[in-house]
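For the record, in the sequence shown the residue sitting at position 110 is 306 according to our numbering, with numbers rising by one throughout. Think of the CB as a built atom: it goes at the ideal place given N, C-alpha and C, for glycine as much as any other residue. Only a predicted model underlies this, so the values are computations on that prediction, with no experimental measurement involved.
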Amino acid sequence: MNRKKPEQDRRVIRCAIYTRKSTEERLDLELNSFDAQRDAAEAFIESQKSEGWVCLPNRYDDGGFSGSNLDRPAYNELMKDIEAGEIDCLVVYQVDRLSRSPSDLAHIMSVFEACGITFVSVTESK
């Protein structure tokens, strides 16, 4: 009998982290807002390691961009990678890091649903 070990049955969940800060102020510090957001997201992904979650190395960091619109370079790169099927899960520190516009957020969530993306906000998930 050829049985698979339980860890062989587990699917790898490729997790991306998106960070945003509306101003470039203090981004030159050794520890900045991007780092704090990323550290929290990485810790959350690590806590899900037993479920197959792995953190992708790509960085999607938008510094100096408002969350009130979607005209952001790292966000656009992230969405391109999602639509290309390179990401299974998106982790953010807070939902407002992704968007502050309810209509934009609704659109983003519909894209995630169509692409089968799991979405996690670290500070707002329990």
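A distance of 8 Å or more separates the beta carbons of residue 294 and residue 287. Looking only at 256, 301, 269 and 209, the smallest Cα-Cα distance to residue 291 is reached by 301.
Per DSSP, reduced to three states, the secondary structure at residue 208 is coil, with no helix or strand assignment. Listed in chain order, the beta strand (DSSP E) elements of length 3 or more contained wholly in the segment 227-261 are 249-251 and 256-259. The beta carbon of residue 308 sits closer than 6 Å to those of 315, all from its chain and outside the five residues before and after it, given in chain order. Around the C-beta of residue 259, 16 or more other C-beta atoms lie within 10 Å, and the residue is accordingly described as buried. The alpha-carbon separation between residue 281 and residue 272 amounts to approximately 14 Å. Residue 296 carries a coil assignment under DSSP once its states are collapsed to helix, strand and coil. DSSP links residue 217 through a beta bridge to 259. In this structure, the alpha-carbon of residue 306 lies about 11 Å from that of residue 299.
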